[in-house]
Amino acid sequence: MAAIELRGLSKVYPGGVRALDALDLVIPDGEFFALLGPSGCGKTTLLRTIAGLESATGGSVLIGGRDVTGTQPGGRDVAMVFQDYALFPHMDVTDNIAYPLRIKKVAKGARRAKAAEVAARLGLDHLMDRRPGQLSGGQQQRVALARVMATQAQAYLFDEPLSNLDARLRLEARTFLKKLQRELGVTTVFVTHDQAEALAMADRMAVMEAGHIRQIGTPAEVFQRPANTFVAGFIGSTPMNLLDGSVRGDTLEVAGCKLPVPAAAEGRVSDGDTIVYGVRPEYMTYSAEPAEGALSGKVAIVENLGASHLVTLDVAGVNVQAVVPEGGEPAVGDEGHAVPRRDRALVYRDGALV
Amino acid sequence: MTRFVLGRIGFSTLVAVLLAFFTLPLLWLVTAPFTSNPTYEVTVPDFTWDNFAAVVEHPYALPSLWNSVVLSAGTAALVVAFAALAAYALSRVRLPGRDALLYALLLLSSIITGTAAMVPLFQLAVELNLIDSQFGLILILTGGLLPAAIFMLKDFVDATPQSYEESARVFGASPLQIVRHVVVPLVRPGLATIAVWAVANVWGNFLMPYLLLSDVRKQPAAVITYTLYTEGGQANLSMLSTFGLLYSIPVVLMYLFVSKKYGFRFHGGIKR
Chain A
1 MAAIELRGLS
11 KVYPGGVRAL
21 DALDLVIPDG
31 EFFALLGPSG
41 CGKTTLLRTI
51 AGLESATGGS
61 VLIGGRDVTG
71 TQPGGRDVAM
81 VFQDYALFPH
91 MDVTDNIAYP
101 LRIKKVAKGA
111 RRAKAAEVAA
121 RLGLDHLMDR
131 RPGQLSGGQQ
141 QRVALARVMA
151 TQAQAYLFDE
161 PLSNLDARLR
171 LEARTFLKKL
181 QRELGVTTVF
191 VTHDQAEALA
201 MADRMAVMEA
211 GHIRQIGTPA
221 EVFQRPANTF
231 VAGFIGSTPM
241 NLLDGSVRGD
251 TLEVAGCKLP
261 VPAAAEGRVS
271 DGDTIVYGVR
281 PEYMTYSAEP
291 AEGALSGKVA
301 IVENLGASHL
311 VTLDVAGVNV
321 QAVVPEGGEP
331 AVGDEGHAVP
341 RRDRALVYRD
351 GALV
Chain B
1 MTRFVLGRIG
11 FSTLVAVLLA
21 FFTLPLLWLV
31 TAPFTSNPTY
41 EVTVPDFTWD
51 NFAAVVEHPY
61 ALPSLWNSVV
71 LSAGTAALVV
81 AFAALAAYAL
91 SRVRLPGRDA
101 LLYALLLLSS
111 IITGTAAMVP
121 LFQLAVELNL
131 IDSQFGLILI
141 LTGGLLPAAI
151 FMLKDFVDAT
161 PQSYEESARV
171 FGASPLQIVR
181 HVVVPLVRPG
191 LATIAVWAVA
201 NVWGNFLMPY
211 LLLSDVRKQP
221 AAVITYTLYT
231 EGGQANLSML
241 STFGLLYSIP
251 VVLMYLFVSK
261 KYGFRFHGGI
271 KR
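Protein chains in written order, with the working numbering: chain A, 1 to 354; chain B, 1 to 272.
Next up, the structure:
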């Protein structure tokens, strides 16, 4: 087990595309770390560079304090689960799990015993003679995990480990994966484009955009205080309200409404600043009656989220969304008032959190 | 209804006539060897083994079949080995002008074993001292088949996801181990296709061995067939039919074997 450290890591593809731009990142020993970002942001390139499948153009990669920048993938003592699992179709489950040990020249009996031991732990013991083609998606994923566990590598790398599973199985696998990582205590980096997955599983996460890391933090930090408008817009199952506004004395003017300065930004904005006011729909209190410091407008759309409703207000031509608990949902066309929670609202100036 | 029935009858008759047209030569091939004095007609054979005895006694007939086996197996082995390496490299390494190279090779290859290159090939063989050498002939046949083989095999390799190899790499497998443990098993149906195709090509090739092998003891069956005349200069039909039957049996056996093993469904157990 080992920490992973990146120093000024860059990757430029031959065509001139800068996939990674001088990244610095420290992932402590035993952490479950998520790389999150939209497609094309460089998160998979970063993972592959840590694995050694891509060579870094600049900077260095350290695993367990050892500089492995120029080391072949096999010499880095990491194990990787690929998005398509990459189980060898011509080998049965036992041979697949035992393959890393075969490379390490472990005797046949010993590696079969190890494969059986790891497989039993993941509940695969009755499938040992099957070929990957005869397994379900969830079983294939567990075989891929078992193969990684059999390596006893210092760090695990997962490339979109859940994306090939259907929605319900994905939730199960999420819980399973988090529990497994906790039990094993091996430093694990996983890549995902699904913010819910990153929030749910990771101890800490990095949000990436266009080859840069936009924010590093715990899921709670990233969710509650996104460092910039990109992260604010990317994190959250319902997108955060990001409303243009300006500072007028000691209040904010947003979409024609007067709002108090949020607690976090108090004393840090000055009169006349152009700002973006950010508040999550979950942190809005909706009422049908006019209220102090509310964003007021007509209800344009009501979406059912199950236990709650997502109400979209048309506030002077700007869409403002609020989550309303069940039972209190308005009808389309009603006059509505949404009061942002002052301790959860955020102010961005020039794209960065104030 | 009547129209439909008449239509079916007409269609079936047409198919039957067409089939008969193609079946007759095959029937001749299986009946004539067992007939005492075969003509061009298909007759009920009198089940004699004399024709086979004559083929066995012929000094060059059976050895020529062995020569055919040597030539086609040797060529197939070289074609598979070289095509596998080339196709793998061409599929995995990005080269500028790679596709142009492949198409140019494919285009030129039809010339190498074709009539257009007869004279230069012959001269080249003379210069390299490869005239009258089965090994030399194998090299030239391999050269002729390789481009198309690479082209076909590259498709198989292209269809194999790279993550298999990358996965093995991360586990520490060496390039040779990756090829042995992962790539070859995955493209095995492709390799089988190439091997069968190469054998069939060489087995039926007349021109190249005829040009390059003058020693009758080294010539393959395709060339020996050409020498089966009676003293009177007429085609020796009893010898020809019997030898022809023996000549075609190995190819049929190969087809049955490969068809059973791979079913000619070239899927290869790749999960897409």
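Note that the Cβ used here is the ideal one computed from N, Cα and C, for glycine as well.
- Between A/GLU326 and A/ALA307, the beta carbon gap of about 6 angstroms places them in contact (Cβ cut-off 8 angstroms).
- In this structure, DSSP gives A/LEU177 a helical state, which the three-state scheme calls helix.
- Residue burial annotation: A/PRO330 is buried, with at least 16 other C-beta atoms found within 10 angstroms of its C-beta.
- Across the structure, A/GLY245 and A/GLY217 are spaced so that their CA atoms are roughly 28 angstroms apart.
- Counting other Cβ atoms within 10 Å of its Cβ, B/TRP66 stays below 16 and is therefore classed as exposed.
- Boundaries of the beta strand (DSSP E) around A/TYR348: 346-349.
- Contact check for A/VAL118 and A/MET91: beta-carbon distance about 15 angstroms, past the 8 angstroms limit, so the pair fails to qualify.
- Under DSSP, A/LYS298 takes part in a beta bridge, and its partners are A/ASP314, A/GLU335.
- Taking the CA atoms as reference points, A/ARG18 sits about 14 angstroms from A/GLY59.
- The beta-carbon separation of A/VAL279 and A/LEU353, rounded to 13 angstroms, does not stay under the 8 angstroms limit for a contact.
- The Cβ-Cβ distance between A/ALA115 and A/ASP125 does not fall below 8 angstroms.
- In the displayed model, B/TYR164 falls within a helix according to three-state DSSP.
- The C-beta distance from A/VAL315 to A/LEU295 rounds to 5 angstroms, short enough to fall under 8 angstroms.
- Leaving aside the five residues that flank B/ILE138 on each side, the residues in its chain whose CB is nearer than 7 angstroms to its CB run, in chain order, LEU71, GLY74, THR75, LEU78.
- Short of 7 angstroms from the beta carbon of A/LEU135, and not among the five residues preceding or following it, lie these beta carbons of its own chain, in chain order: LEU127, VAL143.
- A contact is defined here as three or more CB-CB pairs under 8 angstroms, and the stretch 189-209 of chain A meets this definition with respect to the stretch 21-41 of chain A.
- Using a CB distance cut-off of 8 angstroms, B/ARG169 counts as an interface residue toward chain A.
- For A/ARG268, DSSP records no beta bridge to any residue.
- Relative to A/VAL78, the option among A/PRO100, A/ASP84, A/LEU87, A/THR57 whose CA is nearest is A/PRO100.
- Interface residue (Cβ-Cβ distance to chain B less than 8 angstroms): A/LEU124 is not classified as such.
- In the displayed model, A/PRO325 falls within a strand according to three-state DSSP.
- Within the DSSP secondary-structure output, B/TYR229 pairs in a beta bridge with B/ALA235.
- Ranked by Cα distance from B/TYR229, the first of B/LEU240, B/VAL223, B/ALA221 is B/LEU240.
- For A/THR188, the enclosing beta strand (DSSP E) covers residues 187-192.
- For A/GLU289, the CB contacts under 8 angstroms within the same chain, skipping 5 residues up- and downstream, are HIS337 in chain order.
- When Cβ pairs closer than 8 angstroms are counted between the two stretches, the stretch 130-137 of chain B is seen to touch the stretch 198-212 of chain B, the count reaching three or more.
- Against chain B, the CB of A/VAL118 has no partner CB under 8 angstroms away; the residue lies outside that interface.
- Within the DSSP secondary-structure output, A/THR251 pairs in a beta bridge with A/ARG248, A/PRO260.
- When the five nearest sequence neighbours on each side are left out, the beta carbons in the same chain lying within less than 8 angstroms of the beta carbon of B/LYS261 are those of ALA192, in order along the chain.
- For A/ILE275, the enclosing beta strand (DSSP E) covers residues 274-279.
- Straight across, the Cα-Cα distance linking A/GLU335 with A/GLN321 is about 14 angstroms.
- Taking all protein chains in view, the Cβ of A/TYR348 is crowded by 16 or more other Cβ atoms within 10 Å, so the residue is classified as buried.
- Residue environment for B/ALA20: exposed (fewer than 16 other C-beta atoms within 10 angstroms of its C-beta).
- Judged by their CB atoms, A/VAL189 and A/GLN215 are not nearer to each other than the 8 angstroms cut-off.
- Around the beta carbon of A/VAL332, fewer than 16 other beta carbons lie within 10 angstroms, which makes this residue exposed.
- Rounded to whole angstroms, the separation of the alpha carbons of B/HIS181 and A/GLN83 is 21 angstroms.
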